[in-house]
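Undergrad: Got a structure for you, written out below as structure tokens; questions coming shortly.
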RNA sequence: UGGCCCAUGGUGUAACUGGCAACACGUUGGUUUUUGGUACCAAAGAGUCUAGGUUCGAGCCCUAGUGGGCCAACCA
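In the working numbering, the protein residues as written are 1009 to 1682.
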């Protein structure tokens, strides 16, 4: 890795620093350690992106480790799904490993802990233990079994392993300090009895290690150098280190846990438990429902690995709580699809258009460019005839000059075809438009190069030939939740914010080339958005998912669309700030400026000072001593005011005195001017 | 009546050993355009939570406060 133009995030700074002081690059190793108890979601892509991204950056191996220490919640299905998702994102792990691979080693180490007098078997109820544990503000107390002999502990622990006891009868705890300020250090549990079959080890074990006892030791066994996790594990770090202290030997890499803020996305939830509830309650149709924030959901929705990786890269890494606006995710997928998706024509809300002067029995196959952003994409043929579908939205009987689409008496172009002119409408008895009659100019065919074809018209419409059109189902998705932060309301459940109209089924008409479309293929329906072929789709029954709409600056013109709620009013363009405020702002950076620029700022201040009243200035006499720049600006302003005839008073004199006595030469200079 | 972490435009992230607060999204205007898309140009928007301190100079260092988050599962 040579010089980077991009700045480093705080984790990269830590690693760069470690590289300088304590570890060589070939010892760098990372891991991504999901628990296989659910599907991966967009939040996980951040963790994945950090660890695998570091692996790519430093050419270091990254393990995919399944943290499977709780057989009650974990399943093979999730293991498979996680592997598929990580691969799909384009990351390559070094080893596929499981915490359960280390059960024997973990057990042996626990025995050692007992022998060292650092672990004991506790035989109380969980309630009793919770009682003794204290609270964050009150220390805990020692329990009655804390001082069992090594022999007794060993015997009990072995019998726990042998299956002699029921769940809950005994547990093994580390013997640390029940009075510790960190509650995790108050004799944490390291083994519990769980008479459950494990998805990998079956019934070999009936005692299972806890997270804290497993994680750092697994990192150590794999020689992970930097163990990155989210912020809520910060308090665990002390315990992580304590456990490591018990077994680390020299010349082995000692893993470091470091924590970053997890990703939150507006208008969605990120908790596996809650996501599971959406699946189980039938709110969505499975973990890969295109409305889900899961990786598999995004994949089915039409997102690309490129877009997701770009997104993760863009949101950055820090320790500050954050909520990323979905618009950034949408930007990332549009950016990718704009470059790669072939353009086609589809009409989602059809109205019939008849070209009255076009021969009834004529068909034409017109040339259409597949993707103007990609020269290699080539061309295809689309059929044209007398009767077409266009979007209902694209016609108005009359409209103002801001409407660029079809109206009576005005011309628009049909994409890849002719220029037409609105002539008349046919309505049913309720006044609904059933047909639009137009005439076309035969000399205006796209690409024909004739003078007429080069004529500028304001609008271009997409269309499909009714005779040739293919019916397709389009699934249009809206956000699943109507609240920006559905699971952060104390008084309401996230289920209260479910959007009942998050899925809309549309019968659309698409150009015939789409019968060839394969599952997963992505297209831009021109002027509408990006769509992909769902895996429920067949060539007889085409089904598309709407990935995301095109950016639509026209929609904002229309009054009925609600304003984006999380966008605030642009502040009035020239707020006309008060002179004193501007002076204060100038002052702030005054002392740090190069001479030339400082002179200019000084001149500006002196000019602005003409507009300042004494009442505005006086409060600033109390400016903190450290804000030298502001005090200089105030001094300059004062000079002007005095010159303009302001009477001196005690406050002014005192302020000048203090200026003269200051250590800053610039301030002293301006004070002496008076 | 605790401990730890965090605080920079609307959002997110930068600013290396203190030295003219930058980039992206979003917003607004314009140019181009056979997609009201894309591309391009431009603009507005923060003086860095507050109060003190150190310093010639603080977003960055120190102190105190305020606000937010995390910590009391035989979950991870």
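Glycine included, each C-beta is placed from N, C-alpha and C at the ideal position.
Between which two residues does the alpha helix (DSSP H) carrying residue 1595 extend?
TA: As a first step, residue 1595 must be located in the first chain, where it is residue number 587. Segment 1587-1598, the alpha helix (DSSP H) holding residue 1595.
Undergrad: What's the call for residue 1592, buried or exposed, on a 16-neighbour Cβ count within 10 Å?
TA: The count along the first chain starts at 1 and reaches residue 1592 at position 584. With 16 or more other Cβ atoms within 10 Å, it is buried.
Undergrad: So the candidates are 1192, 1617, 1068, 1121; which of them puts its Cα closest to the Cα of residue 1650?
TA: Looking up residue 1650 in the first chain gives position 642. Ranking 1192, 1617, 1068, 1121 by Cα distance to residue 1650 puts 1617 first.
Undergrad: If you reduce the DSSP assignment to three classes, tell me which class residue 1501 lands in.
TA: For the purposes of this step, residue 1501 is taken as residue 493 along the first chain, with counting starting at 1. DSSP places residue 1501 in coil when its eight states are reduced to three.
Undergrad: What residues are listed by DSSP as bridge partners for residue 1432?
TA: As a position in the first chain, residue 1432 is number 424, starting the count at 1. BP columns for residue 1432 point to 1445.
Undergrad: When DSSP labels each residue in this structure, what does residue 1524 get in the three-state scheme?
TA: Here the question's residue 1524 lines up with position 516 in the first chain. Residue 1524: helix per DSSP, three-state reduction.
Undergrad: What is the rounded straight-line gap between the Cα of residue 1342 and the Cα of residue 1556?
TA: Locating residue 1342 in the first chain gives position 334, counting from the first residue. Locating residue 1556 in the first chain gives position 548, counting from the first residue. Those two C-alpha atoms are separated by around 7 Å.
Undergrad: Closest to residue 1334 by CA distance: which of 1493, 1547, 1212 is it?
TA: Position 326 of the first chain, counted from the start, is the residue given in the question as residue 1334. With distances taken between Cα atoms, residue 1334 lies closest to 1493.
Undergrad: For residue 1238, report the span of its beta strand (DSSP E) as first-last.
TA: Taking the first residue of the first chain as position 1, residue 1238 is located at position 230. Counting along the chain, the beta strand (DSSP E) containing residue 1238 begins and ends at 1234-1238.
Undergrad: In the DSSP assignment, find the alpha helix (DSSP H) that holds residue 1638 and state where it starts and stops.
TA: By 1-based counting over the first chain, the position of residue 1638 is 630. It spans 1636-1651 - the alpha helix (DSSP H) in which residue 1638 sits, taken as one unbroken run.
Undergrad: Starting from the Cα of residue 1502, find the closest Cα among 1192, 1286, 1216 and give me that residue.
TA: Numbered from its first residue, the first chain carries residue 1502 at position 494. Nearest option by C-alpha distance: 1286.
Undergrad: So does residue 1187 have its beta carbon nearer than 7 Å to some heavy atom of the ligand FAD?
TA: Because no ligand of any kind appears in the structure shown, any question about the ligand FAD cannot be addressed here.
Undergrad: Could you check where the alpha helix (DSSP H) with residue 1087 kicks off and where it finishes?
TA: Numbered from 1 along the first chain, position 79 holds the residue referred to as residue 1087. Unbroken alpha helix (DSSP H) run through residue 1087: 1084-1096.
Undergrad: Starting from the Cα of residue 1621, find the closest Cα among 1271, 1611, 1642, 1539 and give me that residue.
TA: For the purposes of this step, residue 1621 is taken as the residue at position 613 of the first chain. Ranking the options by Cα distance to residue 1621, first place goes to 1642.
Undergrad: Can you give me the C-alpha to C-alpha distance between residue 1544 and residue 1528, rounded to a whole angstrom?
TA: Start at 1 with the first residue of the first chain, and residue 1544 comes out as number 536. Start at 1 with the first residue of the first chain, and residue 1528 comes out as number 520. Distance between the alpha carbons of residue 1544 and residue 1528 is about 10 Å.
Undergrad: Is residue 1138 helix, strand or coil by DSSP?
TA: Here residue 1138 refers to the residue found at position 130 of the first chain. In the structure shown, residue 1138 sits in a helix (DSSP, three-state: H, G or I).
Undergrad: Can you say whether residue 1023 is buried or exposed, counting buried as having 16 or more other CB atoms within 10 angstroms of its CB?
TA: As a working mapping, residue 1023 is identified with position 15 in the first chain. When all chains shown are included, residue 1023 counts as buried.
Undergrad: Tell me where the beta strand (DSSP E) around residue 1264 begins and ends.
TA: Within the first chain, numbered from 1, the residue matching residue 1264 stands at position 256. Note, residue 1264: beta strand (DSSP E), 1264-1268.
Undergrad: Let me make sure I understand the geometry here. Which of 1162, 1276, 1170, 1674 has the alpha-carbon closest to that of residue 1506?
TA: Stepping through the first chain from its first residue, residue 1506 is reached at position 498. Nearest option by C-alpha distance: 1276.
Undergrad: Residue 1050: buried (16+ other C-beta within 10 angstroms of its C-beta) or exposed?
TA: Here residue 1050 refers to the residue found at position 42 when the first chain is read from its first residue. Flag for residue 1050 reads buried.
Undergrad: With three or more beta-carbon pairs closer than 8 Å as the criterion, would you say the region 1213-1223 touches the region 1066-1078?
TA: Because the criterion of three Cβ pairs below 8 Å is met, the region 1213-1223 and the region 1066-1078 touch.
Undergrad: So the candidates are 1372, 1373, 1298, 1271; which of them puts its Cα closest to the Cα of residue 1331?
TA: The residue labelled residue 1331 in the question sits at position 323 within the first chain. Ranking the options by Cα distance to residue 1331, first place goes to 1271.
Undergrad: By how many angstroms is the C-alpha of residue 1301 removed from the C-alpha of residue 1328?
TA: In the first chain, counting from the first residue as 1, residue 1328 sits at position 320. In the first chain, counting from the first residue as 1, residue 1301 sits at position 293. Residue 1328 and residue 1301: Cα-Cα distance of roughly 22 Å.
Undergrad: Looking at C-alpha atoms only, which residue of 1671, 1227, 1392, 1317 is the closest neighbour of residue 1367?
TA: Along the first chain, read from residue 1 onward, the residue named residue 1367 stands at position 359. The shortest Cα separation from residue 1367 among 1671, 1227, 1392, 1317 belongs to 1392.
Undergrad: Classify residue 1133: buried if its beta carbon has 16 or more other beta carbons within 10 angstroms, exposed otherwise.
TA: By one-based count along the first chain, residue 1133 stands at place 125. Classification of residue 1133: exposed, given that the 10 Å Cβ count is below 16.
Undergrad: Under three-state DSSP, which class holds residue 1018?
TA: Within the first chain, numbered from 1, the residue matching residue 1018 stands at position 10. Residue 1018: helix per DSSP, three-state reduction.
Undergrad: Can the beta-carbon of residue 1610 be found closer than 8 Å to that of residue 1644?
TA: Working through the first chain from its first residue, we reach residue 1610 at position 602. Working through the first chain from its first residue, we reach residue 1644 at position 636. It is a contact, given that the beta carbons lie within the stated cut-off.
Undergrad: What's the gap between the Cα of residue 1232 and the Cα of residue 1035?
TA: Position 224 of the first chain, counted from the first residue, corresponds to residue 1232. Position 27 of the first chain, counted from the first residue, corresponds to residue 1035. Cα to Cα, residue 1232 sits roughly 8 Å from residue 1035.
Undergrad: For residue 1552, is the classification buried or exposed, using 16 other Cβ atoms within 10 angstroms of its Cβ as the cut-off for buried?
TA: What you label residue 1552 is simply residue 544 of the first chain in a count that begins at 1. Buried, since its Cβ has 16 or more Cβ neighbours within 10 Å.
Undergrad: CA-CA distance, residue 1653 and residue 1646?
TA: Here residue 1653 is taken as the residue at index 645 of the first chain, counted from 1. Here residue 1646 is taken as the residue at index 638 of the first chain, counted from 1. In a straight line, the C-alpha of residue 1653 is about 11 Å away from that of residue 1646.
Undergrad: Are the Cβ atoms of residue 1472 and residue 1397 separated by less than 8 Å?
TA: What you label residue 1472 is simply residue 464 of the first chain in a count that begins at 1. What you label residue 1397 is simply residue 389 of the first chain in a count that begins at 1. Cβ distance < 8 Å, so residue 1472 and residue 1397 count as in contact.
Undergrad: Thinking residue 1376 and residue 1440 are a contact (beta carbons under 8 Å), I'd like their distance in whole angstroms, please.
TA: Translated into positions along the first chain, residue 1376 becomes position 368. Translated into positions along the first chain, residue 1440 becomes position 432. Going by Cβ atoms, the distance from residue 1376 to residue 1440 rounds to 31 Å, so no, they are not a contact pair.
Undergrad: So what does residue 1468 bridge to, in DSSP terms?
TA: Taking the first residue of the first chain as 1, we reach residue 1468 at position 460. DSSP, once it has assigned bridges, lists 1421 as partnering residue 1468.
Undergrad: Checking 8 Å against the spacing of the C-beta atoms, do residue 1484 and residue 1514 come in under that value?
TA: Working through the first chain from its first residue, we reach residue 1484 at position 476. Working through the first chain from its first residue, we reach residue 1514 at position 506. Yes; because the gap between Cβ atoms is below 8 Å, this pair is in contact.
Undergrad: Could you spell out the range, first to last residue, of the beta strand (DSSP E) harbouring residue 1532?
TA: Position 524 of the first chain, counted from the start, is the residue given in the question as residue 1532. Note, residue 1532: beta strand (DSSP E), 1530-1533.
Undergrad: Quick one: what's residue 1389 bridged to in DSSP?
TA: By one-based count along the first chain, residue 1389 stands at place 381. 1375.
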